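Here the structure is laid out as structure tokens; the discussion comes afterwards.
Protein chains: 2
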Amino acid sequence: MAFLGRTLGSAVRRYSRGAAKEWLTGDFLDALRAVAGPTNVSTAAAVCEQHGHDESMHRCCPPDAVVWPQTVEQVSLLASACYSHGAPMIPFGTGTGLEGGVSAVQGGVCFNLTQMDQILELNTEDFTVTVEPGVTRKALNHFLRGSGLWFPVDPGADASLCGMAATSASGTNAVRYGTMRQNVLNLQVVLPDGKLLHTGGQNRRPRKSAAGYNLTGLFIGSEGTLGFITQATVRLHGIPEATVAAVCGFPSVQAAVDSTVQILQASIPIARIEFLDEVMMRACNRYSGLSYTEQPTLFLEFHGSQRGVGEQVEATGEIVKSNDGSEFAWAQEQEDRARLWTARHNAWYAALALRPGRKGYSTDVCVPISRLPEVLLETKKDLLESQLTGPIVGHVGDGNFHCLLLHDPEDVDEKGRVEEFAKRLGRRALAVGGTCTGEHGIGLGKRQLLREEVGEVALSTMQQIKAALDPKNLMNPGKVL
Amino acid sequence: MAFLGRTLGSAVRRYSRGAAKEWLTGDFLDALRAVAGPTNVSTAAAVCEQHGHDESMHRCCPPDAVVWPQTVEQVSLLASACYSHGAPMIPFGTGTGLEGGVSAVQGGVCFNLTQMDQILELNTEDFTVTVEPGVTRKALNHFLRGSGLWFPVDPGADASLCGMAATSASGTNAVRYGTMRQNVLNLQVVLPDGKLLHTGGQNRRPRKSAAGYNLTGLFIGSEGTLGFITQATVRLHGIPEATVAAVCGFPSVQAAVDSTVQILQASIPIARIEFLDEVMMRACNRYSGLSYTEQPTLFLEFHGSQRGVGEQVEATGEIVKSNDGSEFAWAQEQEDRARLWTARHNAWYAALALRPGRKGYSTDVCVPISRLPEVLLETKKDLLESQLTGPIVGHVGDGNFHCLLLHDPEDVDEKGRVEEFAKRLGRRALAVGGTCTGEHGIGLGKRQLLREEVGEVALSTMQQIKAALDPKNLMNPGKVL
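Protein chains in written order, with the UniProt record's numbering: chain A, 1 to 481; chain B, 1 to 481.
Shown next, in the form of structure tokens:
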């Protein structure tokens, strides 16, 4: 996308002009090898390329070296080495980000943390678990099988939990269980100079605390710009006695979104409420071999006791009916539910498959629920007028939705239209009291929108915090601010 | 309490030695009067005394002047005047804090914000409201009558919502609805130099956001040390269709706490679960004219649909029975519930009335639920051995409880025992992975415990943030850090 590409391009030019990478010496690389072991440091071009991009279409900026630390002590020693040499550091988890967060715009050393993948401490009585940065949400939930517990935050991708904390991820279950902000109790962080920080104190996991500044909250969503998250203690939840999923079509976008608003206003404790427009439904049908009616649709899930779920379904059914929704297509068995949610999770790939060879870019606005119908309708109209393919999918229970914009990277005109559309959509969200990013973060592409969203004083406050905690600007430089 | 008194005393001595209060001139006071109006600035001794203490037993440290700003513009201009003159600034809401947060240990200007008491914007569709700092939780809930909405965070005292944000308050409903951390969407803050900060951007209220550093979260719990909270946008909740409260006695502390742990582990969405030991029950019976059996007791409340509440009550009843709990004493009518919770809310005064003329000090530890029984039992034993009266009351669903320690301020020996007991209790909580404060904050008395709790690196990170945002250390100096 030209908008993002240009921003990034100018950042690269600005830095590359002055920065001679004096730190990049054989001695420095030997120092990294001495800490991590010789096979855990690579400067191979192919390896660096792999680590220079995430799943977004932001331009690849490879780091100069990649290290695979095995322990937090190694992360600390490696950071200390980078810090004293002035080498930029970029944390890397699963590389499933969507805003270019791992792009090494100034080069530097990428810390691939996936080999630190131990689940350190499970407390089934307190519903907490502590994990290393290589543990993904699926690995954790696999580990929890049989315990009666699960971790609900689900951004779709099988991201690492520490990466999800760094991005303030959320996803389909957030309407009921909250985002990472509500589900992280404590973090272990390696600061840029190698010091080890426990944001809530070492080995602490009270359900609440009023002890000093909320450092845990500060690191959630800091996108790797303040330090390496090397451990996360998260809250678990009891697996509900009953789970029922359903699909329901609507005659219009307005009817689907009105139903969402009314379900929330009725305080029905719905676990998932996902909107897919008719274009996305067509894509999902094709990609996942389904045969849903191709109209604005809600995917719903209810959690609770048998009786409680029945009651939720009944109340939701009445609301849906009053908005001319179809009968529910039920998915009560685990297997049917898995098929339904796999189709939803594959929406990104399904959208890409609509126009093979095209690149995708996902927008991420989040607006107050009451403003969602108008914003969605205006966005649909804008897509038409801009002659863009952009199937819509959204966590509408939170007011958060994504246009998956497809474009031909060679088509300059189309790229320009995508760029303009994304800017307009971001500003449309800001105009109604929303945010340019509900869950993907700022990364590289939304720094201008962040400025417009929070204003100069908030931005300069963030910059002061960044300067205080990372005075040499070595942690994932060029991101967020 | 000697422990706290000494800490404070030495702080006062340290500062008063060097600080000549050169800022305290007639011209400076005239500048304040020019902004706030002559009748809204006072240097009268009685007024300053009133503003030098909260509800705790921390020694009164009066400010040198009190101002009553009427608008955020005035707060900004007044802060700017204080900043340029080097005058300490102390935000003051309802003065209901419990850790000496408003104590003017270096003197300075107290900003009494209670006259800014407008409810600015209610969004019933989005369940949000924006309030000025003088709006208390009871005033907000009174205003919301008939809307079907309410604000559940309830620390007992009728505190201001912005003060509750500053303290990271919680209380009896937190087990279901979360603390202030989960219920504040955005804050307007006047920074020490008078600049106006919107932590989440001006007029923004999305349900979630991943846009930049979480400044909202940083200011929640900052105890007035980073700026003045001059507006809060908070989440509201739908009033449940049905509410039922109950009281249940147990043969032992262990049985009551085991029931709590089991209720939580069964994922029963209980709204309130409060523990009172037999000493506190005696105090409440006497003070509120009740006749409950004087044994370890749980006060419970269930929210939901009629059917849902029935189901919760049934499941809870089975757990209670298996732990030899008594039959529930029901309070289904609004009036009965009000009597029950008034008795609970008056626990502090009921405890004080146990030994008239004594002072009270409330401890505030919060531990992982699984460790709660042992910590409570050890604490009861310690009270006996220390020959102290300390009725216990707690938000046990969060693992948070208070010993309301009664002591004769003239009895040096008793004060010493209170001091030692409070330290031991704090360290007992830290030893099992808990915190020294679940909801009262650090204020003056727990700075040493904060250091032990979070460690040197976290403390120095907090100090760096403080220095970045308040470089002259003028915002509520001497607190937290």
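We treat Cβ as the ideally placed atom computed from N, Cα and C, and that holds for glycine. All values derive from a computational prediction rather than experimental measurement.
Do you know how far the Cα of residue j is from the Cα of residue i?
i	j	result
residue 536 of chain A	F143 of chain A	Residue numbering for chain A in the displayed model covers 1 to 481; residue 536 of chain A lies beyond these limits and cannot be assessed.
A422 of chain A	L140 of chain B	39 Å
G200 of chain A	C366 of chain B	13 Å
V320 of chain A	N112 of chain A	47 Å
residue 483 of chain A	G217 of chain A	There is simply no residue 483 of chain A to check, as chain A begins at 1 and stops at 481 in what is shown.
G360 of chain A	G249 of chain A	26 Å
L226 of chain B	L122 of chain B	27 Å
A242 of chain B	G390 of chain B	35 Å
T25 of chain B	V189 of chain B	27 Å
E378 of chain B	R207 of chain B	42 Å
L185 of chain A	N203 of chain B	29 Å
V72 of chain A	L187 of chain A	13 Å
Q182 of chain A	R358 of chain B	40 Å
T96 of chain B	M57 of chain B	12 Å
A283 of chain B	S168 of chain B	28 Å
P356 of chain B	C110 of chain B	31 Å
A210 of chain B	I442 of chain A	7 Å
T363 of chain B	D411 of chain B	20 Å
A45 of chain B	P471 of chain B	30 Å
How is the alpha helix (DSSP H) around residue i delimited, first residue to last?
i	result
V412 of chain A	412–431
A36 of chain A	26–36
A347 of chain A	347–354
C110 of chain A	Unbroken run through C110 of chain A is the beta strand (DSSP E), 109–112; no alpha helix (DSSP H).
E314 of chain A	306–322
L459 of chain B	447–469
F143 of chain A	137–143
C82 of chain A	72–85
Tell me the residue span of the beta strand (DSSP E) that contains residue i.
i	result
S362 of chain A	359–362
M89 of chain B	89–92
Q295 of chain A	Run containing Q295 of chain A: none; DSSP gives neither H nor E here.
W330 of chain B	329–331
I273 of chain B	272–276
A65 of chain B	65–67
E121 of chain A	119–123
H198 of chain A	196–198
Could you pull out every residue in the same chain whose Cβ sits closer than 8 Å to the Cβ of residue i, ignoring the five residues on either side in sequence?
i	result
I270 of chain A	V175, R176, I263, L264, L300, E301, F302, Q312, T316, G397
F127 of chain B	L149, R235, L236, H237, G238
V432 of chain B	V367, P368, R371, E374, V375
F28 of chain B	A81, H85, A87
L474 of chain A	C82, Y83, G86, A87, P88, M89, G108, P192
E125 of chain A	none
Y292 of chain B	V247, G249, M281, C284, N285, A329
Tell me which same chain residues have a C-beta within less than 7 Å of the C-beta of residue i, skipping the five on either side of it?
i	result
V12 of chain B	The predicted model places V12 of chain B with a pLDDT of 41, which falls under 50 and marks its position as unreliable; any figure quoted below should be read in that light. The residues are C61, V105.
L449 of chain A	G426, C436
residue 502 of chain B	Only positions 1 to 481 of chain B appear in this structure, which leaves residue 502 of chain B out of reach.
G194 of chain A	S76, L77, A79, S80, Y83
Give me, in chain order, the residues of the same chain whose beta-carbon lies closer than 6 Å to that of residue i; leave out the 5 immediate sequence neighbours on both sides.
i	result
R337 of chain B	A245, A331
M116 of chain B	E132, P133, G134
K381 of chain A	none
F328 of chain B	A246, C248
A43 of chain A	With the sequence shown as reference, residue 43 of chain A is identified as Thr, and Ala is not the correct amino acid for it. Taken in chain order, the residues that qualify are A65.
E215 of chain A	The amino acid occupying residue 215 of chain A in the given sequence is Leu; Glu does not appear at that position. For L215 of chain A, where only same-chain residues beyond five positions count, the Cβ hits under 6 Å are T199.
Quick test of your reading: residue i and residue j, contact by CB under 8 Å. State the CB separation rounded to the nearest angstrom.
i	j	result
G101 of chain A	G224 of chain A	6 Å
S170 of chain A	P192 of chain A	Between P192 of chain A and S170 of chain A the Cβ distance is about 27 Å, and since that is not below 8 Å, they are no contact.
M462 of chain B	G221 of chain A	18 Å between Cβ atoms; not a contact.
H51 of chain A	P63 of chain A	6 Å
L469 of chain A	Q464 of chain B	6 Å
#### Entry: Cβ-based contacts, 8 Å cut-off: residues of the stretch 138–161 of chain B near chain A
none
### Query
Taking any Cβ of chain A, which residues in the stretch 432–463 of chain B have a Cβ under 7 Å from it, in chain order?
For the stretch 432–463 of chain B, the beta-carbon criterion of a distance under 7 Å to any beta-carbon of chain A is satisfied by G433, G434, T435, C436, T437, G438, E439, H440, G441, I442, L450, E453, V454, G455, V457, A458, T461, M462.
### Contact list for the stretch 222–242 of chain A against chain B, Cβ threshold 7 Å
S222, G238
### Query
When you check each C-beta in the stretch 190–205 of chain B against every C-beta of chain A, which residues fall closer than 8 Å?
Under the 8 Å Cβ criterion, the stretch 190–205 of chain B contributes L191, K195, L196, L197, H198, T199, G200, G201, Q202, N203, R204, R205.
### Message
So if I threshold CB-CB distances at 7 Å, which residues from the stretch 316–329 of chain B count as touching chain A?
### Response
Result list empty, no residue passes.
#### Entry: Chain-ordered residues of the stretch 177–189 of chain A with a beta carbon less than 8 Å from chain B
G178, T179, R181, Q182
### Task
Name, going along the chain, the residues of the stretch 290–316 of chain B whose beta-carbon falls closer than 7 Å to a beta-carbon of chain A.
S305, R307, G308, E311
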